[in-house]
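Peer 1: Here it is, the structure in full.
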């Protein structure tokens, strides 16, 4: 199992990759059998192929920035949570306030990612 510092490092890396728009780098962080719920309550994306479609069709088709908005909370059993903001730039700018909760496998790859955000966290017309 990975420790809390490794969880923090991986989650910090995830934010940097989202900020850079590096979909392939993000996908490399995931286990092949991972599950993504973004946002929680929507049908999950199960397996790396479905997760790849989710990132390529979503974030990969937009100009986005990501900013960590507080400390990453991490455990020594491979879990972590972080508050961050995603700014969508372009013709219809907005930002989304998100809390991601991730679980990592023994190899340090994401096995589960749940993004908590909803209508109240989607702010149209406001971006960085």
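Residue numbers (the UniProt record's numbering): 1 to 128.
Glycine included, each C-beta is placed from N, C-alpha and C at the ideal position.
Here the structure is a predicted model, which means the values were calculated and not measured.
#1: Assess contact between the stretch 109 to 118 and the stretch 33 to 43, defined as three or more Cβ pairs (one per stretch) separated by less than 8 Å. Is contact present?
#2: From this set, 122, 88, 59, 116, which residue's C-alpha is nearest residue 42's C-alpha?
#3: Tell me whether residue 65 sits in a helix, a strand or coil according to DSSP, three-state version.
#4: If we count Cβ pairs, one from each stretch, closer than 8 Å, do we get three or more for the stretch 14 to 23 versus the stretch 55 to 75?
#5: For residue 24, which of helix, strand or coil comes out of DSSP?
#6: Using the Cα positions of residue 119 and residue 31, report the straight-line distance between them to the nearest angstrom.
#7: Excluding the five sequence neighbours on either side, which residues of its own chain have a C-beta within less than 7 Å of the C-beta of residue 76, listed in chain order?
#8: Kindly indicate which residue of 48, 125, 105, 78 has the alpha-carbon position closest to the one of residue 86.
#9: Determine, using beta carbons only, whether residue 7 and residue 84 come nearer to each other than 8 Å.
#10: Give me the Cα-Cα distance between residue 98 and residue 48, rounded to the nearest whole angstrom.
Peer 2: Put simply:
#1: yes
#2: 116
#3: strand
#4: yes
#5: helix
#6: 29 Å
#7: 3, 4
#8: 125
#9: no
#10: 22 Å
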